[in-house]
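In the numbering used here, the protein residues as written are 38 to 117.
Beta carbons: idealized from backbone N, C-alpha and C, even for Gly.
Remember, it's a predicted structure, so these values are computed and weren't measured experimentally.
Here is the structure:
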């Protein structure tokens, strides 16, 4: 499992454990799974999708932002 924290300038959008995250990277969509290599990437406008620890899938639109992955912690700072 990974810890996902999604924040926007207005509020914390999500904070909890997830199985996977799919983000709209600047050079294409990519998936983040447990054990993913450390990365920092800008995000373009598009859909963020994630599966919670119990398998429930959630998605929402973003206008852009960035993602950081480090030691099974995924942080997204986005505009929604």
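Asked                                                                              : Found
Option nearest residue 41 by Cα separation, candidates 52, 48, 47                  : 52
Where the beta strand (DSSP E) through residue 72 begins and ends                  : Residue 72 -> no beta strand (DSSP E), and no H or E assigned at all.
CA nearest to the CA of residue 77, picked from 38, 116, 112                       : 112
Selected residue, minimal CA-CA separation from residue 97, among 106, 86, 104, 82 : 86
C-alpha distance - residue 84 paired with residue 57, whole-angstrom precision     : 14 Å
Helix, strand or coil at residue 109 [DSSP, three-state]                           : coil
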